[in-house]
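J.:
Residue numbers (the working numbering): 1 to 366.
1. For residue 239 versus residue 225, is the C-beta spacing smaller than 8 Å?
2. So if DSSP puts residue 102 in a beta bridge, which residue, or which two residues, is it bridged to?
3. Run through the stretch 128 to 176 for me and flag every whole beta strand (DSSP E) of 3 or more residues, listed as ranges in chain order.
4. Would residue 150 be called buried (16 or more neighbouring beta carbons within 10 Å of its own) or exposed?
5. Does the pairing of the stretch 39 to 54 with the stretch 8 to 28 give three or more beta-carbon distances under 8 Å?
6. Report the start-end ranges of each alpha helix (DSSP H) in the stretch 277 to 320 that is 4 residues or longer and not cut off at the edges.
7. Please determine, among 171, 182, 204 and 212, the residue with the shortest C-alpha to C-alpha distance to residue 368.
8. Should residue 348 go down as buried or exposed, given a rule of 16 or more other Cβ atoms within 10 Å for buried?
9. Measuring CB to CB, does residue 106 end up less than 8 Å from residue 147?
10. Please tell me whether residue 77 and residue 142 are closer than 8 Å, where the distance is taken between their beta carbons.
11. CB-CB under 6 Å to residue 75, same chain, minus the five flanking residues each way: which ones, in chain order?
12. Measuring only between beta-carbons, confirm whether residue 15 sits less than 8 Å from chain C.
13. Can you say whether residue 94 is buried or exposed, counting buried as having 16 or more other CB atoms within 10 angstroms of its CB?
14. With distances taken between CB atoms, is the gap from residue 29 to residue 54 smaller than 8 Å?
15. Tell me which residue opens and which closes the beta strand (DSSP E) that residue 362 is part of.
16. Look at residue 333 and residue 282 and say whether their C-beta atoms are less than 8 Å apart.
17. Quick check on this structure: which residue in 229, 61, 45 and 124 has the alpha carbon closest to the alpha carbon of residue 275?
18. In the DSSP assignment, find the beta strand (DSSP E) that holds residue 61 and state where it starts and stops.
19. With burial defined as no fewer than 16 other Cβ atoms inside 10 Å of the residue's Cβ, what is the status of residue 401: buried or exposed?
20. Who are residue 251's beta bridge partners in DSSP?
21. For residue 289, collect the residues of the same chain with a Cβ closer than 7 Å to its Cβ; drop the 5 residues on either side in sequence, then sort them by chain order.
22. Would you report the Cα separation of residue 110 and residue 79, rounded to the nearest angstrom?
23. Suppose the cutoff is 7 Å on Cβ atoms and the five residues either side in sequence are ignored; what does the same chain contact list for residue 307 look like?
24. Going by Cα to Cα distance, which pick from 250, 340, 186 and 298 is closest to residue 359?
25. Taking residue 163 and residue 325 to be in contact with their CB atoms under 8 Å, please state how far apart those CB atoms are, rounded to whole angstroms.
26. Determine the burial state of residue 260: buried for a count of at least 16 other Cβ atoms within 10 Å of its Cβ, exposed for fewer.
27. For residue 207, which residues of its own chain have a beta-carbon under 7 Å away from its beta-carbon, when the five flanking residues on both sides are left out?
28. Between which two residues does the alpha helix (DSSP H) harbouring residue 189 extend?
29. DSSP has residue 33 in a bridge; who is on the other side?
30. Sorted by chain position, which residues of the same chain lie with C-beta nearer than 6 Å to residue 121's C-beta, five sequence neighbours on each side aside?
31. If you run the structure through DSSP and keep just helix, strand and coil, what is residue 353?
32. Going by DSSP in three states, residue 331 sits in which element: helix, strand or coil?
33. Can you tell me the Cα-Cα spacing of residue 203 and residue 159, whole angstroms?
34. Can you give me the C-alpha to C-alpha distance between residue 363 and residue 161, rounded to a whole angstrom?
35. Could you give the C-beta distance for residue 71 and residue 36, rounded to a whole number, given that I count them as a contact under 8 Å?
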């Protein structure tokens, strides 16, 4: 594939990135349609769930510009779908439009597609090239690929801490350890997630909203997931004030009265006890995948963080570190006393960026 191919695919990836806050549970996809002379005829990206995919948006854009796309080349960051879901199959729309060539970054891991889109295009005489910028396309949709191949979401744990790893003072004060730039960036990560997970301890101690209010362009709020083993969630917590947000409460309790009260408040209560009387965390992740959560963004306290890390359920750490020392206070995760270094959960650094006075560190499970 040529240098122009790479440039147009980079543009498609740029479009896909803009879809991240809007499109879950669908993958973020970008599409560019180009004629033989290299002129861009139309562009598009995935819309909200139930609305048009990137290819359809690009075809509509070309039509709005007055361009015919017959004989054109289509650059798309994921295989065009081949099934009837909330929308029709994109591969059939491209065939009907008469495009001559499709350049796709990566095959769709969804078993309902998984090469069938490419097969239909080739069967209709459309030339298909696959693999250009594949790593970038997979990285952008890690959660979608993980859900389709592993059956659980991609779990990203966000922590805001001091230079010495403290998340709060001994009296519980934690607002704000990091600055405005770090907090705004954290909301961007929330906005792209399918759901935000916290524990009942955090809800009772901090009474947080846990929404993506600092992302005004976001067209949706991620679901809120609360691990609440004994159904202690207050019925008048601030979290209920976020409109049109799904609230999922995972519990080990069989208390019918509390379940009914939370259900009446608008929550979905799911009972998943483990042998110790706590929420079965691995089963919770499997249930969230069935509910089409691609990325699970964790903002919890040391207890839930520690439980997830001990169980090996955390894929990525998103750490915002402020250049201040707090001394005593809450730590990142209650892992318990380890007796050997080999017992320590191990990660590898993936990125380090400065946001105002703070650092953003991204580490992935080794």
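Idealized CB from N, CA, C, for every residue including glycine.
T.: In brief:
1. On the chain shown, residue 239 is found 239 positions in, with the first residue counted as 1. On the chain shown, residue 225 is found 225 positions in, with the first residue counted as 1. In terms of Cβ geometry, residue 239 and residue 225 do not form a close pair [threshold 8 Å].
2. As a working mapping, residue 102 is identified with position 102 in the chain shown. Residue 102 pairs with 74 and 128.
3. 154 to 161 and 166 to 168
4. By 1-based counting over the chain shown, the position of residue 150 is 150. So residue 150 counts as exposed.
5. Pairwise C-beta distances place the stretch 39 to 54 in contact with the stretch 8 to 28, as three or more of them are shorter than 8 Å.
6. 281 to 290 and 302 to 310
7. What the structure shows of the chain is the stretch from 1 to 366, and residue 368 is not part of that stretch, so it cannot be assessed.
8. Position 348 of the chain shown, counted from the start, is the residue given in the question as residue 348. The residue in question, residue 348, is exposed, as its Cβ has fewer than 16 Cβ neighbours within 10 Å.
9. For the purposes of this step, residue 106 is identified with residue 106 of the chain shown, where counting begins at 1. For the purposes of this step, residue 147 is identified with residue 147 of the chain shown, where counting begins at 1. Going by C-beta atoms, residue 106 is not nearer than 8 Å to residue 147.
10. The residue you call residue 77 lines up with position 77 of the chain shown. The residue you call residue 142 lines up with position 142 of the chain shown. Not in contact: residue 77 and residue 142 (Cβ atoms no closer than 8 Å).
11. Here residue 75 refers to the residue found at position 75 of the chain shown. Hits under 6 Å: 8, 9, 12, 32 and 103.
12. Going by chain labels, chain C is absent from the structure shown, which holds only one protein chain.
13. The sequence position of residue 94 within the chain shown is 94, counting from 1. With 16 or more Cβ atoms within 10 Å of its Cβ, residue 94 is classed as buried.
14. Along the chain shown, read from residue 1 onward, the residue named residue 29 stands at position 29. Along the chain shown, read from residue 1 onward, the residue named residue 54 stands at position 54. In this structure, residue 54 lies closer than 8 Å to residue 29 by Cβ.
15. Here the question's residue 362 lines up with position 362 in the chain shown. 358 to 365 is the extent of the beta strand (DSSP E) around residue 362.
16. For the purposes of this step, residue 333 is taken as the residue at position 333 of the chain shown. For the purposes of this step, residue 282 is taken as the residue at position 282 of the chain shown. No. Outside cutoff.
17. Here residue 275 is taken as the residue at index 275 of the chain shown, counted from 1. The residue with the shortest Cα to Cα distance from residue 275 is 229.
18. Looking up residue 61 in the chain shown gives position 61. Run containing residue 61: none in the beta strand (DSSP E); it sits in the alpha helix (DSSP H), 54 to 64.
19. As shown, the chain starts at 1 and ends at 366. That puts residue 401 outside it, with no answer to give.
20. Translated into positions along the chain shown, residue 251 becomes position 251. Beta-bridge pairing by DSSP links residue 251 to 271.
21. What you label residue 289 is simply residue 289 of the chain shown in a count that begins at 1. If you ignore the 5 residues before and after residue 289, its C-beta comes within less than 7 Å of the C-beta of 147, 151, 152 and 153, all in its own chain and listed in chain order.
22. Mapped onto the chain shown, residue 110 falls at position 110. Mapped onto the chain shown, residue 79 falls at position 79. One C-alpha to the other measures close to 10 Å.
23. Position 307 of the chain shown, counted from the start, is the residue given in the question as residue 307. Within the same chain, residue 307 has close Cβ partners 281.
24. Sequence index remark: in the chain shown, residue 359 carries index 359 (1-based). Comparing Cα-Cα distances from residue 359 to each of 250, 340, 186 and 298, the minimum goes to 186.
25. The residue given as residue 163 occupies position 163 in the chain shown. The residue given as residue 325 occupies position 325 in the chain shown. Yes, residue 163 and residue 325 are in contact; Cβ-Cβ is about 5 Å, under 8 Å.
26. As a position in the chain shown, residue 260 is number 260, starting the count at 1. The residue is exposed, with fewer than 16 neighbouring Cβ atoms inside 10 Å.
27. Counting from 1 along the chain shown, the entry for residue 207 is found at position 207. These residues qualify, in order along the chain: 237 and 238.
28. In the chain shown, the residue the question calls residue 189 occupies position 189. Run containing residue 189: 180 to 192, per the alpha helix (DSSP H) assignment.
29. Working through the chain shown from its first residue, we reach residue 33 at position 33. According to DSSP, residue 33 bridges with 42 and 74.
30. Position 121 of the chain shown holds residue 121. Same-chain partners within the cutoff: 91, 102 and 128.
31. Along the chain shown, one-based indexing puts residue 353 at 353. Here residue 353 sits in strand by DSSP.
32. The residue labelled residue 331 in the question sits at position 331 within the chain shown. If DSSP states are grouped into helix, strand and coil, residue 331 belongs with the strands.
33. By one-based count along the chain shown, residue 203 stands at place 203. By one-based count along the chain shown, residue 159 stands at place 159. Roughly 16 Å between the two C-alpha positions.
34. Along the chain shown, one-based indexing puts residue 363 at 363. Along the chain shown, one-based indexing puts residue 161 at 161. Residue 363 and residue 161: Cα-Cα distance of roughly 15 Å.
35. As a working mapping, residue 71 is identified with position 71 in the chain shown. As a working mapping, residue 36 is identified with position 36 in the chain shown. Between residue 36 and residue 71 the Cβ distance is about 7 Å, and since that is below 8 Å, they are a contact.
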